[in-house]
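*Asks:*
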Amino acid sequence: GAVVSQHPSWVICKSGTSVKIECRSLDFQATTMFWYRQFPKQSLMLMATSNEGSKATYEQGVEKDKFLINHASLTLSTLTVTSAHPEDSSFYICSARDLGETEAFFGQGTRLTVV
Amino acid sequence: AQSVTQLDSHVSVSEGTPVLLRCNYSSSYSPSLFWYVQHPNKGLQLLLKYTSAATLVKGINGFEAEFKKSETSFHLTKPSAHMSDAAEYFCVVSDRLTDYKLSFGAGTTVTVRA
Numbered sequence: 006g007a008v009v010s011q012h013p014s015w016v017i018c019k020s021g022t023s024v025k026i027e028c029r030s031l032d033f034q035a036t037t038m039f040w041y042r043q044f045p046k047q048s049l050m051l052m053a054t055s056n057e058g059s060k061a062t063y064e065q066g067v068e069k070d071k072f073l074i075n076h077a078s079l080t081l082s083t084l085t086v087t088s089a090h091p092e093d094s095s096f097y098i099c100s101a102r103d104l105g106e107t108e109a110f111f112g113q114g115t116r117l118t119v120v
Numbered sequence: 006a007q008s009v010t011q012l013d014s015h016v017s018v019s020e021g022t023p024v025l026l027r028c029n030y031s032s033s034y035s036p037s038l039f040w041y042v043q044h045p046n047k048g049l050q051l052l053l054k055y056t057s058a059a060t061l062v063k064g065i066n067g068f069e070a071e072f073k074k075s076e077t078s079f080h081l082t083k084p085s086a087h088m089s090d091a092a093e094y095f096c097v098v099s100d101r102l103t104d105y106k107l108s109f110g111a112g113t114t115v116t117v118r119a
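Chains as they are written, first to last, in my numbering: chain X, 6 to 120; chain G, 6 to 119.
This is the structure in structure tokens:
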């Protein structure tokens, strides 16, 4: 299957700082990328959907000014957690899908800890 | 709207015995159905998928699932559990009406006893 690389795999940051997470499709063009958040022992919650070259569509209840998503190229999307607080600590996972495909491929996830 | 219900939050089996993870779905259009596995602090790995071809789908690591439209089910099975099968399993549905956004079940934790 196709490969999606997510970086970093874990990060610790101080409250009030911003953190950027990258999601790259390595061997296909990701026209659509999805960002999820996962709390311990819970399922994945979709945060936003981004299409290359256009603004991301955020799910209800997700603060777009807090979670900035950029999808400037067909192989890269970034999620920036701005002014992070301890309650933003979570596991963030991206997935990527090519145009016309139904299957999405997942990154390895990023464990964010805000102290 | 599409949704998924995983009927068991936790399944415990002995090594070498069969595994059954139950999943029921709701979709207003022809769905695509997936089973993913997640090991601790890892991303998701696709076990198998159904996309309107054969109703019995074979996946990796000896897993298989059967799509039953009349029962709106997509249960995952494996004839003989291995210790490495201990993980979290997610049943997922998508369809064209939602532009193939994935809807996740709550997950089933599988533990395997030696």
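Note that beta-carbon positions come from the ideal geometry of N, C-alpha and C, so glycine has one too. Owing to the predicted nature of the structure, the values given are computational and were not obtained by experimental measurement.
Comparing C-alpha positions only, which one of G:Glu20, G:Thr114, G:Trp40 and G:Ala91 sits nearest to Phe72 (chain G)?
*Replies:* Working through the second sequence from its first residue, we reach residue 72 (chain G) at position 67. The residue with the shortest Cα to Cα distance from Phe72 (chain G) is G:Trp40.
*Asks:* Any residues in the stretch 29 to 58 of chain G with a beta carbon nearer than 7 angstroms to a beta carbon of chain X? Which ones, in chain order?
*Replies:* Listed by position, the residues of the stretch 29 to 58 of chain G near chain X (Cβ gap below 7 angstroms) are Ser37, Asn46, Lys47, Gly48, Leu49, Leu51, Lys54 and Thr56.
*Asks:* In or out: Thr37 (chain X) buried (at least 16 other Cβ within 10 Å) or exposed?
*Replies:* Here the question's residue 37 (chain X) lines up with position 32 in the first sequence. So Thr37 (chain X) counts as buried.
*Asks:* Could you please give me the residues that DSSP links to His80 (chain G) through a beta bridge?
*Replies:* Here residue 80 (chain G) refers to the residue found at position 75 when the second sequence is read from its first residue. Its beta-bridge partners are G:Glu71.
*Asks:* If you draw a straight line from the alpha carbon of Ile17 (chain X) to that of Glu76 (chain G), how long is it in whole angstroms?
*Replies:* Walking along the first sequence from the start, residue 17 (chain X) turns up at place 12. Walking along the second sequence from the start, residue 76 (chain G) turns up at place 71. Rounded to the nearest angstrom, the two C-alpha atoms are 46 angstroms apart.
*Asks:* Does the Cβ of Leu117 (chain X) have 16 or more other Cβ atoms within 10 Å, making it buried, or fewer, making it exposed?
*Replies:* Within the first sequence, numbered from 1, the residue matching residue 117 (chain X) stands at position 112. Label assigned to Leu117 (chain X): buried.
*Asks:* Mind checking if Phe109 (chain G) is an interface residue toward chain X, Cβ cutoff 7 angstroms exclusive?
*Replies:* Numbered from its first residue, the second sequence carries residue 109 (chain G) at position 104. Judged by the 7 angstroms Cβ criterion, Phe109 (chain G) is in contact with chain X.
*Asks:* How many angstroms separate the CA atom of Ser19 (chain G) from the CA atom of Val117 (chain G)?
*Replies:* Here residue 19 (chain G) is taken as the residue at index 14 of the second sequence, counted from 1. Here residue 117 (chain G) is taken as the residue at index 112 of the second sequence, counted from 1. Ser19 (chain G) and Val117 (chain G): Cα-Cα distance of roughly 5 angstroms.
*Asks:* What do you reckon, are the CB atoms on Ala53 (chain X) and Tyr63 (chain X) nearer than 7 angstroms?
*Replies:* Along the first sequence, read from residue 1 onward, the residue named residue 53 (chain X) stands at position 48. Along the first sequence, read from residue 1 onward, the residue named residue 63 (chain X) stands at position 58. Against a cut-off of 7 angstroms, the Cβ pair of Tyr63 (chain X) and Ala53 (chain X) comes out as a contact.
*Asks:* Just to confirm my understanding: we take Thr22 (chain X), look at its own chain, exclude 5 residues before and 5 after, and list those with CB closer than 7 angstroms. What are they?
*Replies:* Looking up residue 22 (chain X) in the first sequence gives position 17. Excluding positions up to five away in sequence, the list reads Ala89.
*Asks:* Name the residues in the stretch 100 to 112 of chain X whose C-beta lies less than 9 angstroms from a C-beta of chain G; which are they?
*Replies:* Hits within the stretch, in order: Ser100, Arg102, Glu106, Thr107, Glu108, Ala109, Phe110, Phe111 and Gly112.
*Asks:* Would you kindly work out how many angstroms separate the C-alpha atoms of Val42 (chain G) and Leu49 (chain G), rounded to a whole number?
*Replies:* The sequence position of residue 42 (chain G) within the second sequence is 37, counting from 1. The sequence position of residue 49 (chain G) within the second sequence is 44, counting from 1. Taking the straight line joining both Cα atoms gives about 6 angstroms.
*Asks:* Can you tell me the Cα-Cα spacing of Ser31 (chain G) and Leu107 (chain G), whole angstroms?
*Replies:* The residue labelled residue 31 (chain G) in the question sits at position 26 within the second sequence. The residue labelled residue 107 (chain G) in the question sits at position 102 within the second sequence. If you take the alpha carbons of Ser31 (chain G) and Leu107 (chain G), they lie about 13 angstroms apart.
*Asks:* Assign Leu107 (chain G) to one of three DSSP states: helix, strand, or coil.
*Replies:* On the second sequence, residue 107 (chain G) is found 102 positions in, with the first residue counted as 1. DSSP places Leu107 (chain G) in coil when its eight states are reduced to three.
*Asks:* Got a sec: which bits of the stretch 25 to 56 of chain X sit with their beta carbon under 9 angstroms from any beta carbon on chain G, in order along the chain?
*Replies:* Of all residues in the stretch 25 to 56 of chain X, Thr37, Phe39, Tyr41, Gln43, Lys46, Gln47, Ser48, Leu49, Met50, Leu51 and Thr54 have a Cβ within less than 9 angstroms of some Cβ in chain G.
*Asks:* Compile a chain-ordered list of the residues in the stretch 8 to 25 of chain X whose CB is closer than 9 angstroms to at least one CB of chain C.
*Replies:* This model lacks chain C altogether, as its protein chains are X and G.
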